[in-house]
Structures are given as C-alpha cells and as structure tokens.
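Have a look at the structure below, then the notes.
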Amino acid sequence: LADGDASELLGVWGVDHPRHSTAGRLGVVPPVHRRSSPPRVAPRLSDGTPFPTLYYLTHPAATAAMSFLEAGQLMVECSELLASDDEVRAAYERAHRDYLADRESIGVVEEIAGISAGGMPTRVKCLHALAAHSLSAGPGANPMGDLALERSPWSPSVCQCPDYGVDIPDPADPADDTGGRS
Numbered sequence: 096l097a098d099g100d101a102s103e104l105l106g107v108w109g110v111d112h113p114r115h116s117t118a119g120r121l122g123v124v125p126p127v128h129r130r131s132s133p134p135r136v137a138p139r140l141s142d143g144t145p146f147p148t149l150y151y152l153t154h155p156a157a158t159a160a161m162s163f164l165e166a167g168q169l170m171v172e173c174s175e176l177l178a179s180d181d182e183v184r185a186a187y188e189r190a191h192r193d194y195l196a197d198r199e200s201i202g203v204v205e206e207i208a209g210i211s212a213g214g215m216p217t218r219v220k221c222l223h224a225l226a227a228h229s230l231s232a233g234p235g236a237n238p239m240g241d242l243a244l245e246r247s248p249w250s251p252s253v254c255q256c257p258d259y260g261v262d263i264p265d266p267a268d269p270a271d272d273t274g275g276r277s
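Residues 96 to 277 (our numbering) make up the sequence shown, in order.
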C-alpha cells in the first residue's frame with residue numbers, strides 16, 4: 096500500500112501496541128479522520144482518485160476470516176436473505192444511507208455520489224467492507240456485516256496478531272524496551 100492509502104485496524108480499540116496497528120504492520124502512518132473513534136479513510140486518495148470505501152478492514156486475521164466466509168458462499172446466503180426479508184432489506188438500505196452520510200461528513204466526492212461499499216444497498220459483494228462498517232458503526236448498523244462477524248471465527252476481543260518481527264518502539268512507554276525489536 097502506498098503511504099496514505101491505508102486505515103487503522105477497525106474493531107480492536109483496546110489494543111494499542113504498535114505491532115497491532117496498521118502503521119506498525121505497514122510502516123506508514125495513514126491519514127485518517129476521527130471524531131473520537133472509529134477511524135475513517137478519506138473519500139479521495141492523495142493523488143485525487145475517488146475512494147468510496149470509508150471503513151477499511153486491514154487486520155490480517157479479520158481479512159482472512161472474511162475471505163474464508165466469502166469462499167464458503169456466505170455472500171450467496173446473504174443475497175438470498177436480502178431478497179426474501181423485507182426487514183433485512185430495509186436495514187441494509189438504512190446502512191447504505193448512513194454509510195454515505197458518514198463519508199460525506201468528511202468530504203463530498205461527486206464521482207462516487209450514491210455509491211457506498213460492499214454492494215449496498217442492493218447486493219452483497221464484499222464482506223470485508225460490510226464487516227468493517229459493522230465494527231465501526233456498531234452492532235445493528237449493517238445487518239450483513241453483523242451476520243458476517245457473527246459467523247466469523249475472528250473476534251475483535253481476542254488478539255490474533257502475528258509477530259512480523261518488527262516493532263515500533265514507543266519512547267513514551269517506560270515498559271517498551273524493545274528498541275524496535277519484537
């Protein structure tokens with residue numbers, strides 16, 4: 096990823112060790128916008144390219160879990176549920192509108208007006224984006240993201256962070272004596 100094209104890990108708010116952050120894993124400090132939390136990716140990349148994905152799932156274990164669910168055809172099941180359940184469809188349309196409002200609170204990008212992420216509001220296309228939205232906005236905000244997280248073997252409450260053999264020392268943390276080593 097190019098510097099500036101990544102977001103913070105979504106959903107693991109209690110983990111603040113540098114190895115657990117996107118910056119620690121990728122060696123970049125992404126430009127994110129925060130009210131307090133969660134972090135959100137700007138709707139334009141640094142080169143001006145429109146970027147509709149506001150919430151971006153980056154944690155390796157979380158992305159692997161969503162990929163596993165996609166390979167297991169959960170998107171087909173979600174699409175069938177969307178087609179057959181009026182309440183779920185209405186909640187998904189509401190998630191789409193809320194997603195657009197969240198992104199537009201950072202900036203309006205005409206080229207992607209009305210386009211949210213993950214296939215909303217009529218399809219289920221990317222569980223990664225939908226799960227990231229659910230993690231960011233909270234339970235009940237996106238029914239398909241909630242379903243994916245419910246079926247996922249990954250949990251934001253359990254650390255599954257691999258040790259990449261690098262660390263970013265925190266000079267303000269007296270307990271961090273890694274000196275940049277894991």
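Cβ coordinates follow ideal geometry from the N, Cα and C atoms, glycine included. The structure displayed is predicted, hence computed values, not measured ones.
Across the structure, residue 165 and residue 202 are spaced so that their CA atoms are roughly 31 Å apart.
Here residue 238 is buried: its Cβ has 16 or more other Cβ atoms, across all protein chains shown, within 10 Å. The beta-carbon separation of residue 198 and residue 248, rounded to 29 Å, does not stay under the 8 Å limit for a contact.
Assignment of residue 192 by DSSP, reduced to helix, strand and coil, places it in the helix class. In the structure shown, residue 183 adopts helical secondary structure according to DSSP, grouped into three states.
In the three-state reduction of the DSSP assignment, residue 145 falls in the strand class, which pools E and B. Under the DSSP assignment, residue 240 falls in the alpha helix (DSSP H) whose first and last residues are 238-246. Counting the other Cβ atoms within 10 Å of the Cβ of residue 254 gives fewer than 16, which makes it exposed.
Residue pairing for residue 139: DSSP places it in a beta bridge opposite 145.
The straight-line gap separating the alpha-carbon atoms of residue 190 and residue 146 is approximately 18 Å.
Taking one beta carbon from each stretch, the stretch 220-234 and the stretch 147-164 have 3 or more pairs nearer than 8 Å; the two touch. If you ignore the 5 residues before and after residue 210, its C-beta comes within less than 6 Å of the C-beta of 147, all in its own chain and listed in chain order.
The criterion of a C-beta distance shorter than 8 Å is not satisfied by residue 188 and residue 234. Less than 8 Å divides the Cβ of residue 174 from the Cβ of residue 218. For residue 222, the enclosing alpha helix (DSSP H) has its first and last residue at 222-232. Taking each of 184, 186 and 160 in turn and checking the Cα distance to residue 245, the smallest one comes out for 160.
Around the beta-carbon of residue 136, 16 or more other beta-carbon atoms lie within 10 Å, marking it buried. Using a Cβ distance threshold of 8 Å, residue 236 and residue 193 count as a contacting pair.
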